[in-house]
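Written below as structure tokens is the structure these notes are about.
Numbering (my numbering), first residue to last: 1217 to 1305.
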């Protein structure tokens, strides 16, 4: 299994956010707030997580984020932590 750095995980998430919300990649960092800064609603968040999971699975990582965890995500860095914790990366 491939080991990814937090920055590599954040890059995957940033790509997903750009696809879903059309936010320029250079505006996205670990402290970017999902609701306030990006205006992401629950549906957009689900899409972002699904795209991120699919890309990481394509790299051979058994990734998933529980629905319970989704409701606690406030910033992009929280999603990095959730992906790392859920997969034990």
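A virtual CB, placed ideally from N, CA and C, is assigned to each residue, including glycine.
- The way I'd put it, the segment 1270–1288 doesn't touch the segment 1233–1246; fewer than three beta-carbon pairs between them come closer than 8 angstroms.
- In the three-state reduction of the DSSP assignment, residue 1291 falls in the strand class.
- Under the criterion of beta carbons closer than 8 angstroms, residue 1239 and residue 1254 qualify as touching, at roughly 6 angstroms.
- If you draw a straight line from the Cα of residue 1256 to the Cα of residue 1249, it is about 9 angstroms long.
- The alpha-carbon separation between residue 1252 and residue 1292 amounts to approximately 12 angstroms.
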